[in-house]
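Below is one structure; the comments refer to it alone.
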Amino acid sequence: MEWIQMAAEATVVMSFVAGVVSKIAISPLINVMRSLQASVDKLSEDLKEERELRVGLQLRMIAIEERGKSNTHRLNKLEGVSDHE
Numbered sequence: 001m002e003w004i005q006m007a008a009e010a011t012v013v014m015s016f017v018a019g020v021v022s023k024i025a026i027s028p029l030i031n032v033m034r035s036l037q038a039s040v041d042k043l044s045e046d047l048k049e050e051r052e053l054r055v056g057l058q059l060r061m062i063a064i065e066e067r068g069k070s071n072t073h074r075l076n077k078l079e080g081v082s083d084h085e
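UniProt numbering applies: residue 1 is where the sequence shown begins, and numbers increase by one.
What follows is the structure, given as structure tokens:
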């Protein structure tokens, strides 16, 4: 009977120690992990926005290059006309 009481007391003590360890060690780690996850999510959003901006700039550059080619072609055509006059 005495060993049952000792086992019960040991169980209570171990439960208390586990609760303290959880509160002191594990709880801050969980908070850090949540903070890291929030940071990673924010970085992911920022990367998506930057990617969209870069694609938009690339499309604008392509359009500008095409207009430049068209304008060069027109200038060459006009110069060809004025050379024949």
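Using N, Cα and C, we set each Cβ at its ideal position, and we do this for glycine too.
Using a Cβ-Cβ distance cut-off of 9 Å, determine whether residue i contacts chain D.
i   : result
R51 : Protein chain content of the structure displayed is limited to a single chain, and chain D is not contained in it.
Ends of the alpha helix (DSSP H) at residue i?
i   : result
S22 : Run containing S22: none; DSSP gives neither H nor E here.
What separation, rounded to the nearest whole angstrom, lies between the Cα atoms of residue i and residue j?
i          : j   : result
R51        : I26 : 37 Å
L43        : M61 : 26 Å
N71        : G56 : 22 Å
A47        : T11 : In the sequence on display, residue 47 carries Leu and not Ala. Each residue's alpha carbon lies about 51 Å from the other.
S39        : E49 : 15 Å
residue 87 : V20 : No information on residue 87 is available, as it lies outside the stretch 1 to 85 that the chain covers here.
S22        : L29 : 10 Å
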